[in-house]
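Residue 181 is where the sequence shown starts when you use our numbering, and the numbers rise one by one after that.
The beta-carbon is built from N, C-alpha and C at its ideal position, and this holds for glycine as well.
Small disclaimer: the values here were computed from a predicted structure and weren't measured.
Data block below; observations after.
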Amino acid sequence: MRKTLALAVAAVVALGMSACNSSAPSEETTTEAPTPAAANTDPVLNVYSSRHYDVDKELYDKFKAESGIEINVVEGKGPELIERLVREKDQPEADVFLTVGAESIWQLREEGILGSYQSETVDANIPAEYRGDGWTGVSSRARVIAYVKDEVDPSSITSYNDLTKPEWNGQVLARPSKSSYNQALLASFVANDGVEKAKEWAQGVTDNFGRTPKGNDRDQAKAIVAGEGKLAIMNSYYWVRMKNSSDPEEQKVADSVGLIFPEDTHVNLSYVGVIANAKHQENAVKFMEFLTANEAQSMIAKENGEFPLNPQTEVPEPQKSWMPFKPQKVDFEQLGKHLADATKIFGEVGWE
Ligand code: FE2
Numbered sequence: 181m182r183k184t185l186a187l188a189v190a191a192v193v194a195l196g197m198s199a200c201n202s203s204a205p206s207e208e209t210t211t212e213a214p215t216p217a218a219a220n221t222d223p224v225l226n227v228y229s230s231r232h233y234d235v236d237k238e239l240y241d242k243f244k245a246e247s248g249i250e251i252n253v254v255e256g257k258g259p260e261l262i263e264r265l266v267r268e269k270d271q272p273e274a275d276v277f278l279t280v281g282a283e284s285i286w287q288l289r290e291e292g293i294l295g296s297y298q299s300e301t302v303d304a305n306i307p308a309e310y311r312g313d314g315w316t317g318v319s320s321r322a323r324v325i326a327y328v329k330d331e332v333d334p335s336s337i338t339s340y341n342d343l344t345k346p347e348w349n350g351q352v353l354a355r356p357s358k359s360s361y362n363q364a365l366l367a368s369f370v371a372n373d374g375v376e377k378a379k380e381w382a383q384g385v386t387d388n389f390g391r392t393p394k395g396n397d398r399d400q401a402k403a404i405v406a407g408e409g410k411l412a413i414m415n416s417y418y419w420v421r422m423k424n425s426s427d428p429e430e431q432k433v434a435d436s437v438g439l440i441f442p443e444d445t446h447v448n449l450s451y452v453g454v455i456a457n458a459k460h461q462e463n464a465v466k467f468m469e470f471l472t473a474n475e476a477q478s479m480i481a482k483e484n485g486e487f488p489l490n491p492q493t494e495v496p497e498p499q500k501s502w503m504p505f506k507p508q509k510v511d512f513e514q515l516g517k518h519l520a521d522a523t524k525i526f527g528e529v530g531w532e
């Protein structure tokens, strides 16, 4: 992801300059508390997104073609965008926040940034466990265990705890603990099993590291193929992206590693949240309905290797070959509450 906020789509406007003149109602009303932005029917939707995938741009174009609603996108890292949403809270520029990692829902809610919406369509598209007040999941990505095919019997590993077994000493690779994917993984263990157990797990994995954590998820897969270890923690969609890569080296890595979906596989949720007092509430809901409908779900699954959340959507290969697996049950709205504990544990066990 890019370090700085970047304007992503060609048709972007400077949001601060307002593509629509709706911030002040034209007629003066009373001097009571400021009314929420009046319902605005301009065919515009302002999206802040921390997703950074090609398929997203196709989705924006498709949404515009179908609805006539122009999308202005501000892309950035999640924390930077959240900081901006907080700063703009009284006069929000964004209508929706599209992001990865359900762990931010808690913070958005605490800061009063998430609004609410009603849509029978979204409710019908997405199972209740993957949506909540003001937000809906769009896709999921499983955080799984990659193994070197020639060297590991995949049936010998059935849980995340297996990564802590002495037999894997010096064989486990993972990216640094500051990665939001690892933070959310450990936060989910804190949420479900408590601090002590989560710490035991993190200690066990750290003790088994084959090297000091570095690089991204794909680098872990490359490193185990290069012989730096035998097992790696990574998101399933990176495997798909490597398999479909134009780089033959990445294809080779994908062919050399298999994925184990452990019991209660942790899933990283990508979700869209509606911003409180957004100017284009109706358009925001239309966008949520669009993203959760079969066609968009199918595009995300096929082109980005993610899992659709709409049960009507056919899961493409290779994801289909990994099913069925049992996703971890976790309260997505509360996950973020446990991030502080996760960070503390990583520090204590020495997971760099
Ligand atoms: Fe990612």
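The residue from 401, 522, 513 with its alpha-carbon nearest to that of residue 324 is 401. With respect to the 7 Å criterion, residue 396 and residue 355 are classified as neighbours on the basis of their beta carbons.
If you check the CB distance, residue 302 and residue 468 come in under 7 Å. For residue 416, the enclosing alpha helix (DSSP H) begins and ends at 416–423. Take residue 445, set aside five residues on each side of it, and the residues of its chain with a beta-carbon closer than 8 Å to its own are 322, 323, 324, 505, 506, 507, 508, in chain order. For residue 243, same chain residues with a beta-carbon under 7 Å away, outside a window of 5 residues either side, are 249, 251, 467, 470 in chain order. Here residue 392 is exposed, its C-beta having fewer than 16 other C-beta atoms within 10 Å.
In its chain, beyond the 5 residues on either side, 248, 249, 250 have a beta carbon closer than 7 Å to the beta carbon of residue 223.
Scanning the segment 470–521 for uninterrupted alpha helix (DSSP H) segments of 4 residues or longer gives 474–484, listed from N- to C-terminal end. DSSP places residue 354 outside both helix and strand once states are collapsed to three, so it counts as coil.
When DSSP states are grouped into helix, strand and coil, residue 315 belongs to the strand group. The three-state secondary structure of residue 229, taken from DSSP, is strand. Around the Cβ of residue 398, a 10 Å sphere holds 16 or more other Cβ atoms; the residue is buried. Counted as a single uninterrupted DSSP element, the beta strand (DSSP E) harbouring residue 254 occupies residues 250–255.
Beta-bridge partners of residue 448 (DSSP): 321. Nearest neighbour of residue 386 by Cα position, chosen from 343, 500, 488, turns out to be 343.
If you draw a straight line from the Cα of residue 383 to the Cα of residue 337, it comes to about 18 Å. Its chain contains 357 as the residues whose beta carbon lies nearer than 6 Å to that of residue 526, once the 5 sequence neighbours on both sides are disregarded; these appear in chain order.
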